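Residue numbering for the sequence shown follows full-length UniProt numbering, starting at 1 and increasing by one per position.
Here's the structure, in C-alpha cells; my notes come after.
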Amino acid sequence: MACTAPRPPSAPARQPLQGPTRRGRSSAPPGQDGHSRVVLAGPARGVHGRDPPSPHHRTCSTQDEASSELQRLHLILPLSLPRIVRLVLVLRDWASKSLHEEQQRPDPFLERFQGPELQMVAADAGSDPEDEETEEKSKKKKWQIFVVDPAGDWYYRWLAVIAVPVVYNWCLLVARACFSDLQKTYVVLWLVLDYVSDCIYIGDVVIRLRTGFLEQGLLVKDLKKLRDNYIHTLQFKLDVLSILPTDLAYFAVGLHRPELRFNRLLHFSRMFEFFDRTETRTSYPNIFRISNLVLYILVIIHWNACIYYAISKAIGFGEDSWVYPNVTDPEYGYLTREYVYCLYWSTLTLTTIGETPPPVRDEEYLFVIFDFLIGVLIFATIVGNFQAKIDAIKHYMQFRKVSKDMETKVIKWFDYLWTNKKAVDEREVLKNLPDKLRAEIAINVHLETLKKVRIFQDCEAGLLVELVLKLRPQVFSPGDYICRKGDIGKEMYIIKEGKLAVVADDGTTQYALLTAGGCFGEISILNIKGSKMGNRRTANIRSLGYSDLFCLSKEDLMEAVTEYPDAKKVLEERGREILTKEGLLDESAAEASMEGKSVEEKLDRLALNLDTLHTRFGRLLTEYNDAQMKLKQRITVLESQLRQQDLEDFFSDSGLAAAFLADNKTPH
Numbered sequence: 001m002a003c004t005a006p007r008p009p010s011a012p013a014r015q016p017l018q019g020p021t022r023r024g025r026s027s028a029p030p031g032q033d034g035h036s037r038v039v040l041a042g043p044a045r046g047v048h049g050r051d052p053p054s055p056h057h058r059t060c061s062t063q064d065e066a067s068s069e070l071q072r073l074h075l076i077l078p079l080s081l082p083r084i085v086r087l088v089l090v091l092r093d094w095a096s097k098s099l100h101e102e103q104q105r106p107d108p109f110l111e112r113f114q115g116p117e118l119q120m121v122a123a124d125a126g127s128d129p130e131d132e133e134t135e136e137k138s139k140k141k142k143w144q145i146f147v148v149d150p151a152g153d154w155y156y157r158w159l160a161v162i163a164v165p166v167v168y169n170w171c172l173l174v175a176r177a178c179f180s181d182l183q184k185t186y187v188v189l190w191l192v193l194d195y196v197s198d199c200i201y202i203g204d205v206v207i208r209l210r211t212g213f214l215e216q217g218l219l220v221k222d223l224k225k226l227r228d229n230y231i232h233t234l235q236f237k238l239d240v241l242s243i244l245p246t247d248l249a250y251f252a253v254g255l256h257r258p259e260l261r262f263n264r265l266l267h268f269s270r271m272f273e274f275f276d277r278t279e280t281r282t283s284y285p286n287i288f289r290i291s292n293l294v295l296y297i298l299v300i301i302h303w304n305a306c307i308y309y310a311i312s313k314a315i316g317f318g319e320d321s322w323v324y325p326n327v328t329d330p331e332y333g334y335l336t337r338e339y340v341y342c343l344y345w346s347t348l349t350l351t352t353i354g355e356t357p358p359p360v361r362d363e364e365y366l367f368v369i370f371d372f373l374i375g376v377l378i379f380a381t382i383v384g385n386f387q388a389k390i391d392a393i394k395h396y397m398q399f400r401k402v403s404k405d406m407e408t409k410v411i412k413w414f415d416y417l418w419t420n421k422k423a424v425d426e427r428e429v430l431k432n433l434p435d436k437l438r439a440e441i442a443i444n445v446h447l448e449t450l451k452k453v454r455i456f457q458d459c460e461a462g463l464l465v466e467l468v469l470k471l472r473p474q475v476f477s478p479g480d481y482i483c484r485k486g487d488i489g490k491e492m493y494i495i496k497e498g499k500l501a502v503v504a505d506d507g508t509t510q511y512a513l514l515t516a517g518g519c520f521g522e523i524s525i526l527n528i529k530g531s532k533m534g535n536r537r538t539a540n541i542r543s544l545g546y547s548d549l550f551c552l553s554k555e556d557l558m559e560a561v562t563e564y565p566d567a568k569k570v571l572e573e574r575g576r577e578i579l580t581k582e583g584l585l586d587e588s589a590a591e592a593s594m595e596g597k598s599v600e601e602k603l604d605r606l607a608l609n610l611d612t613l614h615t616r617f618g619r620l621l622t623e624y625n626d627a628q629m630k631l632k633q634r635i636t637v638l639e640s641q642l643r644q645q646d647l648e649d650f651f652s653d654s655g656l657a658a659a660f661l662a663d664n665k666t667p668h
C-alpha cells in the first residue's frame, strides 16, 4: 500500500532557508556540517534510542514529516524574511573578517629570504583604506628624502657656493684681526657677512650628512649609512669645530676681536675640493692650474703681510727701521698705505729679492729667516720637473764641452716639446689604465695611421691592435737623419706630423718628399730572404723640420706576429711583392730559402700531426675504457636477472611437484 502525503504546489522540495525545525535553529554557517538549515530527515535511530521501524514504515513516516515541514515553512516564510536579511549580513561580516585574518598571516618565505621591507609589504597587503593612505604618505616621504649625488652638477654648484665663504674667511678674517682700522670701519658689514657665511657652513654640514657615496658600485641612499660615513671622518670633526659659536665671546670682549672666529678657517677642504673638480671639468686645465697656483701664492703673500703688520704693531710702529713706520705720520697713517706697504714688503721677502730694511731685533731676524725659507720652498715648487730635465741636459753638455750649436739645438728641441705639449711620455701616462681601455685609446689614436702602411693593409684586426699598442712616439729636430743608407734596419716609422726628405749621400739633393701618413723602413724589419739589401736601409731620410713619428721595432713586430702565423705569411708575401717591383729581390736565393723553409714547415706539420694523432688516440682509448666498463656493468645486470629467473622457475617447478605428490598421496 502506498503511503502519500499532500504537497503544496508552491513549495519547493528543499528550501535552503533558516526556519524552525524539530531540532531548533542552527547558528553555524552553511557548509560546516554538510547540511542545510532545514533538517528534512531525522536520525538513523528512532526517538529515545529505540530500534528503527521497518523500511516501509520508515518511508511513510519520512514522507509525512517532510510534507508537514514544508507546509509550516510555506506559512511562516513571510514572517522570517527580516531574519534572513540579518543572517545574510552576519554571514557577510563573518566572511570578510575571516578573509582579513587570512591575509594578515605572515609569509614565512618572505620572512626568511626577502628582508624587512618586503615583509612589511606582505604584512600590509590586506590593510584598510585608511592604512593604505597612511602607507602611501609614508612612501611619499621616503621618496622625498634628499640625497645628493657627489658626481652630479648640483653638488658641484654647491661646492662653488661654499667655496666663497671659505675664501672670504681665509683672506679677510686674518686681515681684520691684524688691521684694526679695517675691522672698526666696516663692523656692520663684517657682522652680516660673518653670519651669512656661518649659515652656509651649517647648511654644508647638513648637505654632507645627505651626500651619497658609492658602495659596491651603487650610490648609497640610506640616511643612517650616510650619517655614519660622514661622522667617522676627520672632516666631520673639523666641520663641527668650524661652526662652534665662539663669537659669543663678543658679549664679553666687544665686537673688535675677529680672531675669535679663527675656527672658521678649518672649513678649508671644500675650497680644495671645488678646485680639484673644476680642474677636471674645465676645457682649459692648464690655465686654471696656473691661476690656482697664483691664487695660492697671493694668499700666502697676503697672510705674510698681515703677520708683518701685527709684529710691527707688537714691537711698536717706528721703533726701528725694520718695522712699519709710525702711523702718526700722515703719509703712513691711513689703511690703504698700511696694507700696500706690508704687501710690498711681503712680496720682496718671499720672492727672496731682499731689497727691504734689514732686521734689528732677534725676533725680527727669526721672522725674516722663516720668510726666506718659505719663499724658497714656494717658488722652487713652481719650477716644474720639465725645467729640471732641461737643467740636467745643460749641465751634462757643459761638462762634456758640447759645442754651442749642439747645445742650442737641444734647447730648441725641449722648447718645441714644451710649446706643443709633447713632453708627455704616453706609456707613463697610460700605464695605470687597464689593458682594454689602453687598447681602445691606442686604436682611436693610431689605428687609421697604421692601416696606411702597405704591408699592413688587409691584415687581421687582432694583429693591428697588437701593433698599435707597441707604437712609440718620437720627435726629430730639423736636419736630423732618421736613417742612413746601409744602416741595419731595426725599426719602421710612420709619419704623424712633419716633412721628411729622401736625400742623396751629400745631404742636399732631394729625391722624394714624405709627408704625414707616409711610412718607411717596413721591408728591413721583415728580414725577407733573398733581399739584395738584406735588412739594411736603402735610402737616406732626413727631417726638414720638427717631425713627429711613430716607431715600431723589429722585436715588437716579431712578438706580435707569433700569435698570428697566417698574418706573418701575408706580411712576407707582400714584402716580396714590393721587393720584386723595385728589383731588389734575388729570385734564386728566395727560392732556396723557400725550399729550406718548406722542409722546416713540413717537419713542423708532421710534428703537429703527430701531436694531433696522440691526442685522438688518447681520446679513443678513454672512450674504449668507458664502453668496456658500461658493457661489464650491463653483463652483470643481465646475469643477476637470469639468476633470479632461474630461481623463480625452480621454485615454481618445485611447487608443482609437491602438489603432484600430495595428490598422489590422497586416499581414494
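Backbone N, C-alpha and C define an ideal beta-carbon position, used for all residues, glycine too.
Treat the numbers as computed from the prediction; the structure is a model and nothing was measured.
Expected contact under 8 Å - CB spacing of residue i and residue j to nearest Å
{"i": "Thr352", "j": "Gly375", "result": "5 Å"}
{"i": "Arg264", "j": "Tyr230", "result": "At roughly 19 Å, the Cβ-Cβ gap does not stay under 8 Å, so Arg264 and Tyr230 are not in contact."}
{"i": "Asp480", "j": "Ser543", "result": "5 Å"}
{"i": "Leu463", "j": "His446", "result": "With 8 Å as the limit, Leu463 and His446 do not qualify as a contact, their Cβ atoms being about 14 Å apart."}
{"i": "Asn261", "j": "Asp194", "result": "It is Arg, not Asn, that sits at residue 261 in the sequence shown. About 7 Å separates the two Cβ atoms, so the contact holds."}
{"i": "Asp149", "j": "Gly212", "result": "6 Å"}
{"i": "Asp371", "j": "Leu350", "result": "6 Å"}
Contact set for residue i: own chain, Cβ-Cβ below 8 Å, skip 5 residues either direction
{"i": "Phe650", "result": "none"}
{"i": "Arg361", "result": "Ile315, Asp320 and Trp322"}
{"i": "Arg270", "result": "Leu159, Ile162, Ala163, Val166 and Asp204"}
{"i": "Phe179", "result": "Cys306, Tyr309, Leu335, Glu338 and Tyr339"}
{"i": "Phe268", "result": "Val166 and Trp170"}
Per-residue DSSP class, three states only, for residue i
{"i": "Ser652", "result": "helix"}
{"i": "Tyr493", "result": "strand"}
{"i": "Glu282", "result": "Note on residue identity: the sequence assigns Thr, not Glu, to residue 282. If DSSP states are grouped into helix, strand and coil, Thr282 belongs with coil."}
{"i": "Ile482", "result": "strand"}
{"i": "Thr538", "result": "coil"}
{"i": "Ser242", "result": "helix"}
{"i": "Ile353", "result": "coil"}
{"i": "Val299", "result": "helix"}
{"i": "Val453", "result": "coil"}
{"i": "residue 753", "result": "What is shown of the chain runs 1 to 668, which leaves residue 753 out entirely."}
{"i": "Ile525", "result": "coil"}
{"i": "Val90", "result": "helix"}
{"i": "Ser312", "result": "helix"}
{"i": "Lys568", "result": "helix"}
Residue(s) in a DSSP beta bridge with residue i
{"i": "Leu223", "result": "Answer is none; Leu223 lacks a bridge partner."}
{"i": "Phe550", "result": "Pro473 and Ile494"}
{"i": "Ser531", "result": "Leu585"}
{"i": "Phe520", "result": "Tyr493"}
{"i": "Ile162", "result": "According to DSSP, which records beta bridges pairwise, Ile162 is partnered with nothing at all."}
{"i": "Val503", "result": "Gln510 and Asn540"}
{"i": "Leu214", "result": "Leu219"}
{"i": "Ile488", "result": "Arg536"}
6 Å CB neighbourhood of residue i in its chain, flanking five on each side removed
{"i": "Cys459", "result": "Ala567"}
{"i": "residue 670", "result": "Outside the displayed range of the chain (1 to 668) lies residue 670, so it cannot be described from this structure."}
{"i": "Gln510", "result": "Ala501 and Val503"}
{"i": "Glu497", "result": "Ala516 and Asp548"}
{"i": "Val327", "result": "Phe317 and Gly333"}
Residue i CB to nearest heavy atom of the ligand HEM below 7 Å
{"i": "Leu549", "result": "This structure lacks the ligand HEM; in fact it carries no ligand of any kind."}
Where the alpha helix (DSSP H) containing residue i begins and where it ends
{"i": "Val196", "result": "Val187 to Leu209"}
{"i": "Leu343", "result": "Leu335 to Leu350"}
{"i": "Leu463", "result": "Ala461 to Val468"}
{"i": "Val327", "result": "No alpha helix (DSSP H) contains Val327, which DSSP labels as neither H nor E."}
{"i": "Phe251", "result": "Tyr250 to Val253"}
{"i": "Val174", "result": "Val174 to Cys178"}
Limits of the beta strand (DSSP E) - the one that residue i falls within
{"i": "Ala512", "result": "Gln510 to Leu514"}
Contact set for residue i: own chain, Cβ-Cβ below 7 Å, skip 5 residues either direction
{"i": "Ser312", "result": "Val323 and Tyr324"}
{"i": "Val174", "result": "Trp303 and Cys306"}
{"i": "Pro357", "result": "Ser321 and Trp322"}
{"i": "Phe367", "result": "Ile311"}
{"i": "Glu355", "result": "Leu348"}
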